[in-house]
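J.: Going line by line, the protein sequences match chains A and B. Here the first sequence stands for residues 101 to 609, where the numbers follow our numbering. Here the second sequence stands for residues 33 to 325, where the numbers follow our numbering. For glycine and all other residues, C-beta sits at the position ideal for the given N, C-alpha and C. Quick one: the structure is below, and I'll ask about it shortly.
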Amino acid sequence: MKQPSSLRRRDLLRFGAIGAAGAATAALAGCGETQVVTQEVVKVVTQQVPVEKVVTQVVEKERVVEVEKPVEVEVERVVTQIVEKEKVVEKEKIVEKIVTVEVAPKLRSVTLTGWTFAHLPRWHKANGDLFAAQTNVKTEWVGVSEIWDKLSVALQTGVGAPDMVDIEQGPMGRYLKGDIQLVDLKPMLTREGYWDKLVTSRQALYTWEGKTYGVEYALTPVVMYYNLSLFEKYGIDPEAGMATWDDFVESGQRMKSASGGETLITGTGTGALPMPMEPMFRQRNRDYFTADGEVGLDDPVLIETMQWMEDLRAEGGIADRAEPWSPGMWGAFKEEHHATTVGADWIADFLRDNVGAEGEGKWRAQPLPLWAGDPTMTDTSCWGGTGIMITTHTQFVEEAWEYIKFGMLTVDGSVRRYKDISQFPAYLPAMESSEISFADPYYGGQDLTEVFKFVARRVPAQHQHPFRPELRDVWESKILPDVLDGKIGVEEGLTQAAAEVRDIIAKGG
Amino acid sequence: MNRDRLQKRSAPYIFTAPFFIWFSIFGLFPVIYAFYLSLHHQVGLVAERPFVGLQNYIDLILDERFRHSLWNTTYYGLGSIFVILPAALILALILHSPTLRMKGVFRIAFFVPLLTSSVVVAVIFALVFDTRYGLLNNYIVEPLGFERISWLQDGSFVIPALVVMGLWKWTGVNSLYYLAGLQNASKDIEEAARIDGAGHWAVFRYVTFPQIQPVVLFTVILSIIGSYNLFAEPYLLLSNSGDRGLMSMVYLFNNAFSFAKFTYASAIGYILFFIILVLSVAQLRIFSVFRDD
Numbered sequence: 101m102k103q104p105s106s107l108r109r110r111d112l113l114r115f116g117a118i119g120a121a122g123a124a125t126a127a128l129a130g131c132g133e134t135q136v137v138t139q140e141v142v143k144v145v146t147q148q149v150p151v152e153k154v155v156t157q158v159v160e161k162e163r164v165v166e167v168e169k170p171v172e173v174e175v176e177r178v179v180t181q182i183v184e185k186e187k188v189v190e191k192e193k194i195v196e197k198i199v200t201v202e203v204a205p206k207l208r209s210v211t212l213t214g215w216t217f218a219h220l221p222r223w224h225k226a227n228g229d230l231f232a233a234q235t236n237v238k239t240e241w242v243g244v245s246e247i248w249d250k251l252s253v254a255l256q257t258g259v260g261a262p263d264m265v266d267i268e269q270g271p272m273g274r275y276l277k278g279d280i281q282l283v284d285l286k287p288m289l290t291r292e293g294y295w296d297k298l299v300t301s302r303q304a305l306y307t308w309e310g311k312t313y314g315v316e317y318a319l320t321p322v323v324m325y326y327n328l329s330l331f332e333k334y335g336i337d338p339e340a341g342m343a344t345w346d347d348f349v350e351s352g353q354r355m356k357s358a359s360g361g362e363t364l365i366t367g368t369g370t371g372a373l374p375m376p377m378e379p380m381f382r383q384r385n386r387d388y389f390t391a392d393g394e395v396g397l398d399d400p401v402l403i404e405t406m407q408w409m410e411d412l413r414a415e416g417g418i419a420d421r422a423e424p425w426s427p428g429m430w431g432a433f434k435e436e437h438h439a440t441t442v443g444a445d446w447i448a449d450f451l452r453d454n455v456g457a458e459g460e461g462k463w464r465a466q467p468l469p470l471w472a473g474d475p476t477m478t479d480t481s482c483w484g485g486t487g488i489m490i491t492t493h494t495q496f497v498e499e500a501w502e503y504i505k506f507g508m509l510t511v512d513g514s515v516r517r518y519k520d521i522s523q524f525p526a527y528l529p530a531m532e533s534s535e536i537s538f539a540d541p542y543y544g545g546q547d548l549t550e551v552f553k554f555v556a557r558r559v560p561a562q563h564q565h566p567f568r569p570e571l572r573d574v575w576e577s578k579i580l581p582d583v584l585d586g587k588i589g590v591e592e593g594l595t596q597a598a599a600e601v602r603d604i605i606a607k608g609g
Numbered sequence: 033m034n035r036d037r038l039q040k041r042s043a044p045y046i047f048t049a050p051f052f053i054w055f056s057i058f059g060l061f062p063v064i065y066a067f068y069l070s071l072h073h074q075v076g077l078v079a080e081r082p083f084v085g086l087q088n089y090i091d092l093i094l095d096e097r098f099r100h101s102l103w104n105t106t107y108y109g110l111g112s113i114f115v116i117l118p119a120a121l122i123l124a125l126i127l128h129s130p131t132l133r134m135k136g137v138f139r140i141a142f143f144v145p146l147l148t149s150s151v152v153v154a155v156i157f158a159l160v161f162d163t164r165y166g167l168l169n170n171y172i173v174e175p176l177g178f179e180r181i182s183w184l185q186d187g188s189f190v191i192p193a194l195v196v197m198g199l200w201k202w203t204g205v206n207s208l209y210y211l212a213g214l215q216n217a218s219k220d221i222e223e224a225a226r227i228d229g230a231g232h233w234a235v236f237r238y239v240t241f242p243q244i245q246p247v248v249l250f251t252v253i254l255s256i257i258g259s260y261n262l263f264a265e266p267y268l269l270l271s272n273s274g275d276r277g278l279m280s281m282v283y284l285f286n287n288a289f290s291f292a293k294f295t296y297a298s299a300i301g302y303i304l305f306f307i308i309l310v311l312s313v314a315q316l317r318i319f320s321v322f323r324d325d
């Protein structure tokens with residue numbers, strides 16, 4: 101894949117990190133009390149960052165703790181301003197080492213509680229242990245069954261709510277109704293310079309009326325996963341054969357014809373469609389809600405996309421539908437009945453776990469096919485997401501915020517998270533780490549990280565809304581079944597759903 | 033009143049007090065509070081809650097989806113009464129047969145589904161009902177010459193699929209109820225009927241069944257209550273079925289927890305309560321439980 105050759109934003113971020121570290125190290129050395137553990141880093145940094153190119157400013161006196169050997173000194177925090185056109189040697193290596201030298205404010209000796217779900221308790225345990233080793237703050241995370249319901253009760257009653265919580269994008273809307281019981285993190289994210297280091301489109305998931313209540317775990321870049329052996333078997337070049345969605349349809353027709361219908365190009369989506377609806381809409385920069393909070397269901401482009409998906413199955417016959425996440429879905433991949441699936445980063449592990457040995461070495465990933473002639477589209481989308489948040493019921497906002505920064509807003513934390521739970525980070529500096537790149541044997545030695553990185557900056561926004569759960573319910577549960585059964589048309593269904601949701605919103609629920 | 037007398041009089045109240053205190057806090061109060069909520073309107077976990085009187089109940093009567101969920105629930109309830117319970121009775125008659133060996137093993141085997149977690153049941157039946165790879169389509173539907181059925185997607189089959197799952201889960205335990213009834217039925221009367229020339233069906237219809245009628249009443253009422261309270265199985269199994277499988281309790285849950293409309297959900301709860309009450313009283317009247325003689 102072609103990468104732009106000019107100076108990129110992530111390079112600037114790298115320089116920034118190096119500059120900050122260099123200045124910080126110089127300040128530490130000036131105090132004469134700090135034992136710098138990574139001597140090599142200091143040497144390299146001071147060589148590479150000319151003093152005149154670093155603008156320093158005294159902000160406050162703080163306590164510094166080093167990872168490898170904690171020391172407590174009074175230092176001046178250094179803020180750097182990046183100057184373009186710097187030359188950096190061995191930048192990767194330096195950035196990674198420097199990130200471990202984090203500056204933490206004075207934190208109270210407390211134990212924070214957190215509620216989470218699925219596989220995240222494991223990550224929080226490891227992250228919490230590392231955080232506790234560097235601070236006097238302990239964390240107790242528990243995986244709560246029926247977490248959204250218990251959280252609703254806890255927030256409603258004001259009894260037993262945790263200090264922090266992981267909330268998945270799906271149920272997020274319900275927590276945005278009435279008096280929101282979550283802390284607005286946007287002032288902290290912007291004040292401390294993190295906002296610009298995140299793929300901000302992802303933050304839309306937790307943003308409502310200008311306030312941002314969570315930090316996203318993962319970028320969830322959506323790409324096209326495909327069974328290379330099937331493409332080779334039917335003589336189709338996957339890159340050319342899936343360059344545009346028109347090419348995709350043509351490849352599907354060839355595949356169906358050559359296999360006698362035994363192999364279809366796809367067939368696994370959400371809501372019993374052959375493809376996942378929402379990511380397909382978002383690839384064209386359309387969503388259930390617009391950025392302005394308006395219902396977007398009856399947008400002409402969204403209707404067109406929906407009709408196109410339904411036609412794949414109903415008219416084209418090149419795709420069918422399996423119940424999402426069912427044994428049938430994985431069985432279709434195992435039996436090579438379906439050749440592709442549109443999926444986010446997390447699908448990579450799903451395929452590995454559920455298709456297993458039958459798919460070993462056969463699968464690959466590439467950016468999504470393009471919509472020819474659509475200037476609003478991109479080559480990727482987003483699907484899913486979970487944000488870490490602080491409840492207003494906590495007395496330890498500062499400590500909780502430091503915990504979030506430690507795990508989510510550092511290269512080290514982001515890399516650990518990707519390695520541990522395969523969630524590709526939405527934190528831009530982490531994408532440059534060489535540690536997240538590796539050849540994956542399950543994907544025939546392909547480095548999926550390169551695909552995710554390639555599309556990362558074009559991942560579109562998914563707009564959150566308090567009535568998003570209602571919209572999904574009306575559209576996906578009430579009206580979509582009638583559309584799929586052919587009782588009503590796609591346009592009529594989407595228009596009807598949009599009208600009903602507008603009515604619900606107008607009534608206030 | 034002397035001290036001994038006071039102690040004697042208060043003793044029953046003191047000994048039963050723990051139950052009533054417990055019941056009042058965790059049983060009675062939520063019931064009363066839910067009614068209070070049902071007369072208010074609140075959207076959001078922490079939000080204003082103005083009094084709206086019976087507006088929630090009026091909205092519910094006009095709510096097309098609620099009516100649809102009631103129909104689905106009633107459909108399942110009819111399946112329970114006319115499919116699951118007769119199957120349980122037949123099973124009980126087989127288990128009651130003097131010629132059957134290893135009865136104990138069968139009884140335990142039929143009880144096991146009840147002990148299985150609803151989550152596990154839903155996962156198992158997702159496999160059973162899968163369109164392409166499912167047990168039903170591959171071993172029953174297709175061999176009989178029919179086309180594969182999308183059990184969990186086709187509106188005509190979603191509730192029947194739920195009844196099939198209920199058949200697996202509830203037949204065993206209901207058969208044990210019937211078995212207990214059959215074992216308590218008077219053998220003398222049955223024997224007398226046979227001596228008088230009654231056949232198997234006549235003995236069952238006119239002698240045995242009337243004797244186990246209270247058990248039948250009990251199971252029918254339990255089935256009605258169970259049907260209108262059914263939640264976990266449809267919630268887990270029918271999550272991709274849309275409104276084709278929308279059950280009343282799932283609709284209540286969605287309103288309370290997905291949409292943060294606890295007041296509206298409380299009204300749904302009360303309507304379901306009254307439906308169950310009316311149906312149960314009707315059953316009791318049909319079986320003449322209230323008759324003085």
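#1: Does the CB of Gly-187 (chain B) have a neighbour CB from chain A at under 9 Å?
#2: Along the segment 64-93 of chain B, where does the CB come closer than 9 Å to a CB of chain A? Name the residues.
#3: So does the segment 261-273 of chain A actually touch the segment 351-368 of chain A, counting three or more Cβ pairs closer than 8 Å?
#4: Starting from the Cα of Leu-251 (chain A), find the closest Cα among A:Ala-526, A:His-493, A:Ser-426, A:Gln-562 and give me that residue.
#5: For Glu-592 (chain A), return the contacting residues in chain B, with the cut-off set at a CB-CB distance below 7 Å.
#6: State yes or no: is the beta carbon of Trp-223 (chain A) nearer than 9 Å to at least one beta carbon in chain C?
#7: Does the beta-carbon of Ala-124 (chain B) have 16 or more other beta-carbons within 10 angstroms, so that it is buried, or is it exposed?
#8: Quick one: grab the DSSP three-state call for Asp-263 (chain A).
#9: Using the three-state DSSP reduction, which class does His-72 (chain B) fall into: helix, strand or coil?
#10: Is it buried or exposed for Lys-519 (chain A), if we count other Cβ within 10 angstroms and need 16 for buried?
#11: For Gly-361 (chain A) and Tyr-275 (chain A), I'd like the C-alpha separation in whole angstroms.
#12: Would you check if the distance between the CB atom of Phe-321 (chain A) and the CB atom of Ser-481 (chain A) is smaller than 9 Å?
#13: Go ahead and label Asn-385 (chain A) buried or exposed: buried means 16 or more other beta carbons lie within 10 angstroms of its beta carbon, across all protein chains shown.
#14: Identify whether Asn-170 (chain B) lies in helix, strand or coil by the three-state DSSP scheme.
#15: State yes or no: is the beta carbon of Tyr-165 (chain B) nearer than 9 Å to at least one beta carbon in chain A?
#16: If the cut-off is 7 Å on Cβ atoms, which residues from the segment 551-580 of chain A count as contacting chain B, listed in chain order?
#17: How long is the line joining the alpha carbons of Ala-439 (chain A) and Pro-469 (chain A), rounded to whole angstroms?
#18: Within the segment 237-310 of chain A, note down every full alpha helix (DSSP H) run reaching 4 residues or more, in order along the chain.
#19: State buried or exposed for Gly-198 (chain B), treating a residue as buried only when at least 16 other CB atoms are found within 10 Å of its CB.
#20: Secondary structure at Pro-611 (chain A), three-state DSSP: helix, strand or coil?
#21: Could you tell me whether any Cβ in chain A is nearer than 9 Å to the Cβ of Gly-274 (chain B)?
#22: For chain A, check one thing: does any of its Cβ atoms lie closer than 9 Å to the Cβ of Ser-150 (chain B)?
#23: Compile a chain-ordered list of the residues in the segment 152-181 of chain B whose CB is closer than 7 Å to at least one CB of chain A.
#24: So Ser-298 (chain B) contacts chain A; which residues on that side make the cut at Cβ distance below 8 Å?
#25: Using a Cβ distance threshold of 8 Å, determine whether the segment 294-313 of chain A contacts the segment 551-568 of chain A, with at least three qualifying pairs required.
#26: Could you check the C-alpha separation between Cys-131 (chain A) and Val-237 (chain A) for me, to the nearest Å?
#27: In whole angstroms, what is the alpha-carbon distance linking Gly-214 (chain A) and Leu-330 (chain A)?
#28: Can you tell me the Cα-Cα spacing of Val-242 (chain A) and Leu-311 (chain B), whole angstroms?
#29: So does Ser-312 (chain B) have its beta carbon nearer than 8 Å to some heavy atom of the ligand ATP?
#30: From the beta carbon of Asp-249 (chain A), is the nearest beta carbon of chain B less than 9 Å away?
#31: Quick one: is Gly-459 (chain A) buried, meaning 16 or more other Cβ sit within 10 Å of its Cβ, or exposed?
#32: Got a sec? Which residues, its chain only, sit under 8 Å from Leu-412 (chain A) by beta carbon, not counting five neighbours each side?
#33: Compare the Cα-Cα distances from Leu-276 (chain B) to each of B:Gln-185, B:Asn-170, B:Arg-35 and report the closest residue.
#34: Return the residue from the list B:Ser-218, B:Arg-99, B:Ile-253 that minimises the CA-CA distance to Phe-114 (chain B).
#35: Whose C-beta lies closer than 7 Å to the C-beta of Ala-500 (chain A) among residues of the same chain, with five residues either side of it excluded?
T.: Working from what's here:
#1: Taking 9 Å as the CB threshold, Gly-187 (chain B) lines the interface with chain A.
#2: Correct list: His-73, Gln-74, Val-75, Gly-76, Leu-77, Val-78, Ala-79, Glu-80.
#3: The segment 261-273 of chain A vs the segment 351-368 of chain A: no contact.
#4: Comparing Cα-Cα distances from Leu-251 (chain A) to each of A:Ala-526, A:His-493, A:Ser-426, A:Gln-562, the minimum goes to A:His-493.
#5: Under the 7 Å cutoff, chain B gives no residues; its nearest Cβ is about 17 Å from Glu-592 (chain A).
#6: Absent from the structure: chain C. Protein chains present are A and B.
#7: It is buried - the Cβ of Ala-124 (chain B) has at least 16 other Cβ atoms within 10 Å.
#8: Asp-263 (chain A) carries a coil assignment under DSSP once its states are collapsed to helix, strand and coil.
#9: Strand, per DSSP.
#10: Result: exposed.
#11: The straight-line gap from Cα to Cα measures roughly 46 Å.
#12: The displayed chain sequence assigns Pro, not Phe, to residue 321 (chain A). Yes; because the gap between Cβ atoms is below 9 Å, this pair is in contact.
#13: Residue burial annotation: Asn-385 (chain A) is buried, with at least 16 other C-beta atoms found within 10 angstroms of its C-beta.
#14: Judged by DSSP in its simplified three-state form, Asn-170 (chain B) adopts helix.
#15: Output row for Tyr-165 (chain B): interface = yes.
#16: For the segment 551-580 of chain A, the set of residues with a beta-carbon nearer than 7 Å to any beta-carbon of chain B comprises Pro-569, Glu-570, Asp-573, Glu-576, Ser-577, Lys-578, Leu-580, in chain order.
#17: For Ala-439 (chain A) and Pro-469 (chain A), the distance between alpha carbons rounds to 15 Å.
#18: Fully enclosed alpha helix (DSSP H) runs of 4 or longer: 247-257, 286-291, 300-303.
#19: By the 10 Å Cβ count, Gly-198 (chain B) comes out buried.
#20: Shown here, chain A extends from 101 to 609; a query on residue 611 (chain A) therefore has no answer.
#21: Yes, its Cβ sits closer than 9 Å to a Cβ of chain A.
#22: False, the Cβ-Cβ gap to chain A never drops below 9 Å.
#23: So the close ones are Ala-158, Leu-159, Asp-162, Thr-163, Arg-164, Tyr-165.
#24: Neighbourhood of Ser-298 (chain B) in chain A, by CB distance below 8 Å: empty, with the nearest CB roughly 13 Å away.
#25: Of all C-beta pairs linking the segment 294-313 of chain A to the segment 551-568 of chain A, three or more are shorter than 8 Å, placing the two stretches in contact.
#26: Note on Cys-131 (chain A): pLDDT 34, under 50, position unreliable in the model; the coordinate value appears next. Going by the C-alpha atoms only, they are around 26 Å apart.
#27: Taking the CA atoms as reference points, Gly-214 (chain A) sits about 45 Å from Leu-330 (chain A).
#28: Cα to Cα, Val-242 (chain A) sits roughly 43 Å from Leu-311 (chain B).
#29: The ligand ATP is not among the ligands present in this structure, which contains no ligands whatsoever.
#30: Yes, because at least one Cβ of chain B sits closer than 9 Å to the Cβ of Asp-249 (chain A).
#31: Counting C-beta atoms within 10 angstroms of its own C-beta, Gly-459 (chain A) has 16 or more neighbours from the protein chains shown and is therefore classed as buried.
#32: Once the five neighbours on either side are set aside, the close Cβ partners of Leu-412 (chain A) are Val-349, Gly-352, Thr-366, Pro-374, Met-375, Ile-418, Ala-419.
#33: Just to set this straight, residue 276 (chain B) is Arg in the shown sequence, not Leu. Closest option to Arg-276 (chain B), judged by alpha-carbon separation, among B:Gln-185, B:Asn-170, B:Arg-35: B:Gln-185.
#34: Of the candidates B:Ser-218, B:Arg-99, B:Ile-253, the one whose C-alpha sits nearest the C-alpha of Phe-114 (chain B) is B:Ile-253.
#35: Hits under 7 Å: Leu-212, Asp-263, Met-264, Ile-490, Thr-494.
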